[in-house]
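In what follows, a single structure is set out as C-alpha cells and then discussed.
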Amino acid sequence: GAGVSQSPSNKVTEKGKDVELRCDPISGHTALYWYRQSLGQGLEFLIYFQGNSAPDKSGLPSDRFSAERTGGSVSTLTIQRTQQEDSAVYLCASSLAGAWGGEQFFGPGTRLTVL
Amino acid sequence: SQQGEEDPQALSIQEGENATMNCSYKTSINNLQWYRQNSGRGLVHLILIRSNEREKHSGRLRVTLDTSKKSSSLLITASRAADTASYFCATAGRLGFGGGADGLTFGKGTHLIIQP
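Protein chains in written order, with this note's numbering: chain E, 25 to 139; chain G, 61 to 176.
Here it is as C-alpha cells:
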C-alpha cells in the first residue's frame with residue numbers, strides 16, 4: 025500500500041506566524057512519530073502517538089509546539105509564533121502496534137523555512 | 061539529545077570496496093537500527109539488531125553489536141554508486157529506562173560517497 029505521506033513538502037513562513045504540518049501514516053499503523061532534522065544533523069525525536077494519545081511529549085522543544093492525532097490516523101504538528109531556529113525538515117514516521125522500538129517507516133518530510 | 065555518534069562523519073571509497081561505519085551510544089538499549097537517507101528515497105530502514113544479538117546479516121550488509129562497549133558497526137560489502145547516502149544509527153531505549161519511549165534516538169550520521 026501507500027507509504028507515509030506528509031504535506032506540505034515545503035513551507036516558507038514569516039517569523040511569528042503559526043504553521044501546521046500534516047502526516048498521513050501507513051494504514052493500520054497505530055504508532056506515529058514526529059522528528060525534526062536540522063541541516064547536517066541527525067534526527068531529533070519530538071513526540072510519539074499510540075493511537076490518539078501521546079504518552080510521551082518530552083521531546084517537544086517548547087510550548088509553542090503541539091501535536092494531535094485524530095481517528096488513530098492523521099496527525100498535525102502545529103508550531104505557534106514560529107522562530108528562525110524552527111527552520112528544519114520535519115519528518116513523520118509510523119510503525120505497527122507493539123513494535124517496541126521496531127522498524128519505523130518515514131515520510132518524505134516537510135521542509136520548513138522561517139524568514 | 062544525541063545518543064548515537066557515528067564515525068567517521070564522512071567516508072569516500074571506490075566502487076567495489078567495502079565500507080565500514082561505526083556507532084557508539086550511551087544508555088541501555090532494546091535494539092539498535094541503521095537507516096539510510098538520500099535525496100531520492102528519504103529515510104529508509106536497513107537493519108535492526110536486538111540487544112541480545114551480536115551480529116546480523118542482510119544482503120550486502122553486516123551489522124555487529126557490542127553492548128559491553130556500547131558500540132555497533134555497519135559493513136557494506138562490494139559497494140555500489142547507489143550506496144552513496146548518509147547512514148544513521150538509531151537506538152531504541154529499554155522500557156523503563158527513559159529514552160523517549162518508542163522514539164528512536166539518532167546519531168548525526170556518516171556521509172558515504174562511492175566513487176565510480
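Think of the CB as a built atom: it goes at the ideal place given N, C-alpha and C, for glycine as much as any other residue.
Secondary structure of residue i, DSSP reduced to three states
| i | result |
| --- | --- |
| residue 110/E | helix |
| residue 152/G | strand |
| residue 40/E | coil |
| residue 36/G | Residue 36/G cannot be examined here, being either before or after the span of chain G that is shown, 61 to 176. |
| residue 60/E | strand |
| residue 115/G | strand |
| residue 79/E | strand |
| residue 88/E | coil |
| residue 35/E | strand |
| residue 122/G | strand |
Beta-carbon spacing of residue i, residue j below 8 angstroms
| i | j | result |
| --- | --- | --- |
| residue 85/G | residue 151/G | yes |
| residue 189/E | residue 92/E | Residue 189/E falls outside the range modelled here, since chain E spans only 25 to 139, and no answer is possible. |
| residue 54/E | residue 27/E | no |
| residue 170/G | residue 69/E | no |
| residue 90/G | residue 118/G | no |
| residue 120/G | residue 109/G | no |
One or two residues paired with residue i in a DSSP bridge
| i | result |
| --- | --- |
| residue 96/G | 104/G, 147/G |
| residue 127/E | Answer is none; residue 127/E lacks a bridge partner. |
| residue 73/G | 174/G |
| residue 104/E | For residue 104/E, which the question treats as bridged, DSSP gives no partner whatsoever. |
| residue 30/E | 47/E |
| residue 110/G | 91/G |
| residue 80/G | 135/G |
Buried versus exposed, by CB contacts within 10 Å (16 or more), residue i
| i | result |
| --- | --- |
| residue 106/G | buried |
| residue 44/E | exposed |
| residue 49/E | buried |
| residue 80/E | buried |
| residue 96/G | buried |
| residue 101/G | exposed |
| residue 107/E | exposed |
| residue 140/G | exposed |
| residue 60/E | buried |
| residue 66/E | buried |
| residue 139/E | exposed |
| residue 24/E | Look at the range of chain E in this structure, 25 to 139, and you will see that residue 24/E is not part of it. |
Chain E contact for residue i (CB, 8 angstroms cutoff)
| i | result |
| --- | --- |
| residue 130/G | no |
| residue 105/G | yes |
| residue 168/G | yes |
| residue 62/G | Only weak support is given to the placement of residue 62/G: the predicted model assigns it a pLDDT of 45, under 50, and the value that follows is read from those uncertain coordinates. At least one chain E Cβ lies under 8 angstroms of residue 62/G. |
| residue 163/G | yes |
| residue 134/G | no |
Closer than 8 angstroms to chain G by CB, residue i
| i | result |
| --- | --- |
| residue 136/E | no |
| residue 69/E | yes |
| residue 49/E | no |
| residue 89/E | no |
| residue 109/E | no |
| residue 127/E | yes |
| residue 75/E | no |
Cβ-heavy atom distance, residue i to the ligand GDP, below 7 angstroms
| i | result |
| --- | --- |
| residue 69/E | This structure simply doesn't include the ligand GDP, nor any ligand for that matter. |
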